[in-house]
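Following: one structure in structure tokens, then a few remarks.
Chains as they are written, first to last, in the numbering used here: chain P, 46 to 212; chain R, 13 to 343.
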């Protein structure tokens, strides 16, 4: 059975239940990690830039878990275990990042390239495009989308998102 | 001025100059922050906290400000304001909260080569974050005493060390389980190397903050190249044990101080005659035999691959055994 003939339509319940928290994780974790990479690179602080690349890839992977049904933040070690044992492409890229301690410019630029690709692919899979929340221009549009999400969840019979639990 | 007052004045002045240096990284001054905050920053005792206050941070860092307010019953939800492109997070807390948090910490410690190590229960992540932030906070104006007294600071540090050690031991046990299950564990052991450096930086007085600052913490803590190399080259449980023994005087087997437990939040679901476990991944699992107990015992009784599968599906978790660690440290 294929009730919808339009391949661009969304499953409303999936979007409200899975897509909404994944979008929240995207703005909180992925966007901020990408900002951290750029800030460290401007300072030519290559070890911190590689660290931020590491965190960005972890965040992309975590966001994909949420999109796939994860219902809460990972606790200590849980995400590490999945990243260490998963065949997933992002996990594999993360495992092959160089050590940050002696990282140089080439390491940071390569890491930034991997993050770009992983973030672009994730954005393509997320049902909601979110503005960069932690900027004066993006904050209120993001908050408005948050309110829209809550209305959609209510219409699908879902409880409000526990926003603080995802921070 | 008495000597004590002189000391306080000196400390207050050096804190203000550290504040200027910290805010300079985001092209701001304390006056600009206070002016932009308006009434939100016009109550109680304001402190800069977080990576900037700890002397880390860069032009992309947020400005995090905590205010301690008399007669406030509970912490307020955070405010977010922007000064140009710089996000400023502001939170208000009851003035009595830091003291209450410290009073709730256990007092028992054990002397180790890494310094006093708290015994009892490991800190919750949330409490650890607050304690670290308040321990390293910079007052935003003159005449404000540090959040914690020297006595309170001395009580907090052993708990931060226990937190860092707990992370290392749990990671090492998990890496060993994966090793025995036949996974390529290079990445897991690399994480153990990082956790080792985290322990050593904490012991050197640089408490944990965001993971991305680890290289900066290592530099600031002035760890020897030999130590950094040793940690970076951790590849086995034996390596972790050797480092703990050599630098901490601690004879600890991570497998004997960690427990395999049912994962928190897993719910039993019955559908007719079938029973399932509803996991945090939103899946219904029928795992059959679920191994529980000390990690070393579980590995002796069960196939490591099956244990990893149950960990991966969120049916069980691996965590520190607080009593086991205390016994190991005492021995």
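We put the CB at the ideal spot given by N, CA and C, even for glycine.
Residues 168 of the same chain have their beta carbon placed closer than 8 Å to that of residue 174 (chain P), with the five preceding and five following residues left out of the count. For residue 289 (chain R), the secondary structure class from DSSP, reduced to helix, strand or coil, is strand. By the Cβ-count criterion, residue 72 (chain R) is buried, with 16 or more other Cβ atoms from all chains shown falling within 10 Å of its own Cβ.
The C-beta of residue 237 (chain R) has fewer than 16 other C-beta atoms within 10 Å across all chains shown, which makes the residue exposed.
Sixteen is the threshold: when 16 or more other Cβ atoms of the shown chains lie within 10 Å of the Cβ of residue 71 (chain P), as they do, the residue is buried.
In this structure, residue 160 (chain R) lies away from residue 135 (chain R), with their beta-carbon atoms at least 8 Å apart.
Annotation: residue 191 (chain P) to residue 185 (chain P) spans about 10 Å, alpha carbon to alpha carbon. In the DSSP annotation of this structure, residue 55 (chain P) is not part of any alpha helix (DSSP H), being labelled neither H nor E. As computed with DSSP, residue 77 (chain R) is found in a beta bridge with R:60 and R:102. In the three-state scheme derived from DSSP, where H, G and I count as helix and E and B as strand, residue 280 (chain R) is classed as strand. Each residue's CA atom was taken as its position, placing residue 66 (chain R) and residue 122 (chain R) some 27 Å apart. Annotation: the continuous alpha helix (DSSP H) that includes residue 80 (chain P) extends over 76-87. The beta-bridge partner set that DSSP reports for residue 329 (chain R) consists of R:273. Within the DSSP bridge table, the entry for residue 151 (chain R) names R:59 as partners. Against chain P, the CB of residue 65 (chain R) has no partner CB under 8 Å away; the residue lies outside that interface.
Residues of chain R whose Cβ lies closer than 7 Å to the Cβ of residue 96 (chain P) are, in chain order, 223, 224, 226 and 227. Runs of alpha helix (DSSP H) with 4 or more residues, each lying fully within the stretch 180-245 of chain R, are found at 198-215, 226-233 and 237-244, listed in chain order.
The shortest C-alpha to C-alpha distance from residue 84 (chain P) to any of R:295, R:242, R:225 and R:266 is the one to R:225. The C-beta of residue 138 (chain R) comes no closer than 8 Å to any C-beta of chain P. The C-beta of residue 71 (chain R) comes closer than 8 Å to at least one C-beta of chain P. Secondary structure at residue 68 (chain R): coil, using DSSP grouped into helix, strand and coil.
In the three-state DSSP reduction, residue 91 (chain R) falls in the strand class (E or B).
Taking 9 Å as the cut-off between beta carbons, the residues of the stretch 197-225 of chain R near chain P are 197, 198, 199, 200, 202, 203, 205, 206, 209, 222, 223, 224 and 225, in sequence order. For residue 127 (chain R), there is no enclosing alpha helix (DSSP H); the enclosing beta strand (DSSP E) has its first and last residue at 127-130.
Each residue's CA atom was taken as its position, placing residue 137 (chain P) and residue 98 (chain P) some 14 Å apart. In this structure, the beta-carbon distance from residue 219 (chain R) to residue 172 (chain R) falls below 8 Å. Fully enclosed beta strand (DSSP E) runs of no fewer than 3 residues are not present anywhere in the stretch 149-198 of chain P.
With respect to the 8 Å criterion, residue 110 (chain R) and residue 27 (chain R) are not classified as neighbours on the basis of their beta carbons. Here DSSP, grouped into helix, strand and coil, assigns residue 305 (chain R) to strand. Under DSSP, the beta-bridge partners assigned to residue 124 (chain R) are R:127. The beta carbon of residue 233 (chain R) sits closer than 8 Å to those of 212, 213, 216, 217 and 218, all from its chain and outside the five residues before and after it, given in chain order. Counting along the chain, residue 109 (chain P) sits inside the alpha helix (DSSP H) bounded by residues 91-112. Residue 84 (chain R) sits in coil when the DSSP states are folded into three classes, being neither helix nor strand.
In the three-state scheme derived from DSSP, where H, G and I count as helix and E and B as strand, residue 296 (chain R) is classed as strand. When rounded, the separation of the alpha-carbon atoms in residue 265 (chain R) and residue 131 (chain R) is 17 Å. For residue 129 (chain P), the enclosing alpha helix (DSSP H) covers residues 123-130.
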